[in-house]
Amino acid sequence: NAGVTQTPKFQVLKTGQSMTLQCAQDMNHEYMSWYRQDPGMGLRLIHYSVGAGITDQGEVPNGYNVSRSTTEDFPLRLLSAAPSQTSVYFCASRNRDSEAFFGQGTRLTVV
Amino acid sequence: DAKTTQPTSMDCAEGRAANLPCNHSTISGNEYVYWYRQIHSQGPQYIIHGLKNNETNEMASLIITEDRKSSTLILPHATLRDTAVYYCIVRLISNFGNEKLTFGTGTRLTIIP
């Protein structure tokens, strides 16, 4: 049972490049979400999904897109990376009544 | 979700009980208190949660005051591996369509050998 798996663990992008951060969970959880964590700060919600085909914006959605075509996967897309998106990104999943399980994070640097 | 207030940092001697306080004076009747911790930039890890009764599991105990305006997380015998940032969060449970966990800056707990 792998839990929540994020890939890649580290990534360096040039300004303007695009990329997709992958998140997969094998616990059949309904809810999935993406957070970013900047140095010395708590986690901020980017986007979340309450089931396949359903997504919504969180606290800081600008510059990011998501989709949820399957229960297991919830990719986060950066369409045109900016230095302000340098951060550590965490994916989480849970069921309605359960605690959230987090991945180990993707450390992204935009130069 | 109600906001929480936690001390920025705390120290605790190894082997002693670590008591981490949290104020949530605007908590509503159907909001739970959750605790997570984050060890050295890893993904946050769930510890415990409760509504109004005290709770205990293999990791910690949670004491919630009778008026529910504050709570304390207790790590009974702290080890060096408990050094982490601890987040107190209050949220509705089973609130369909609202996944948001509001993380503040938490309490940085340092266990001293």
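Chains as they are written, first to last, in this note's numbering: chain V, 1 to 111; chain U, 1 to 113.
C-beta: ideal position from N, C-alpha, C; glycine also.
Neighbouring residues, chain V, relative to residue i (Cβ below 7 angstroms)
| i | result |
| --- | --- |
| Leu62/U | Neighbours of Leu62/U on chain V: none; closest Cβ ~13 angstroms, over 7 angstroms. |
| Leu109/U | Ordered by position in chain V, no residue passes the 7 angstroms Cβ test against Leu109/U, which lies about 15 angstroms from the chain. |
| Gly106/U | Gly42 |
Proximal chain C residues relative to residue i, where beta-carbon distance stays under 9 angstroms
| i | result |
| --- | --- |
| Ser41/U | Structure shown: chain C not included; protein chains present are V and U. |
Residue i classed as buried or exposed, judged by whether at least 16 other C-beta atoms fall within 10 angstroms
| i | result |
| --- | --- |
| Val66/V | buried |
| Ala60/U | buried |
| Ala100/V | buried |
| Phe103/U | buried |
| Gly53/V | exposed |
| Gln38/U | buried |
| Ala12/V | Reading the sequence as shown, one finds Val at residue 12/V and not Ala. Per the 10 Å Cβ criterion, exposed. |
| Thr105/U | exposed |
| Pro44/U | buried |
Coil, strand or helix - residue i by DSSP
| i | result |
| --- | --- |
| Leu108/V | strand |
| Ser84/V | helix |
| Leu51/U | coil |
| Leu80/U | helix |
| Ala18/U | strand |
| Thr107/U | strand |
| Asp11/U | strand |
| Ala100/V | coil |
| Val60/V | coil |
| Ser18/V | coil |
| Glu66/U | coil |
| Thr5/U | strand |
| Asp73/V | strand |
| Ser41/U | coil |
| Pro60/U | First, the amino acid is wrong: residue 60/U is Ala here, not Pro. Three-state DSSP puts Ala60/U in coil, outside helix and strand. |
| Leu79/V | coil |
| Met32/V | strand |
| Asn65/V | strand |
Under 9 angstroms from the C-beta of residue i: neighbouring residues of chain U
| i | result |
| --- | --- |
| Phe74/V | Result: empty, since nearest Cβ-Cβ is about 11 angstroms, beyond 9 angstroms. |
Beta bridge counterpart(s) of residue i as assigned by DSSP
| i | result |
| --- | --- |
| Trp4/V | Trp is not the amino acid found at residue 4/V; the sequence shown has Val there. Answer is Gln25/V, bridged to Val4/V. |
| Leu75/U | Ala18/U |
| Gly51/V | Ile54/V |
| Asn23/U | Thr5/U and Ser70/U |
| Leu43/V | Gln37/V |
| Leu92/U | Glu31/U |
Contacts that residue i makes with chain U (C-beta to C-beta distance below 7 angstroms)
| i | result |
| --- | --- |
| Ala100/V | Tyr46 and Leu101 |
Beta-carbon neighbours of residue i, restricted to chain V and to distances below 8 angstroms
| i | result |
| --- | --- |
| Tyr87/U | Gly42 |
Contact set between residue i and chain V, taken where Cβ atoms lie within less than 9 angstroms
| i | result |
| --- | --- |
| His49/U | Glu99 |
Check your understanding: Is the segment 103-111 of chain V in contact with the segment 64-81 of chain U, if contact means three or more CB pairs nearer than 8 angstroms?
Key -> no
Check your understanding: Three or more beta-carbon pairs under 8 angstroms between the segment 47-57 of chain V and the segment 27-35 of chain V, yes or no?
Key -> yes
Review point. Given 8 angstroms as the limit, is there contact between the segment 18-32 of chain V and the segment 72-92 of chain V, that is, 3 or more CB pairs closer than that?
Key: yes
Practice item. Kindly confirm or deny that the segment 55-62 of chain V and the segment 2-14 of chain U touch, where touching means at least three C-beta pairs closer than 8 angstroms. Key: no
Check your understanding: Do three or more CB pairs link the segment 51-59 of chain U to the segment 9-18 of chain U at distances below 8 angstroms?
Key -> no
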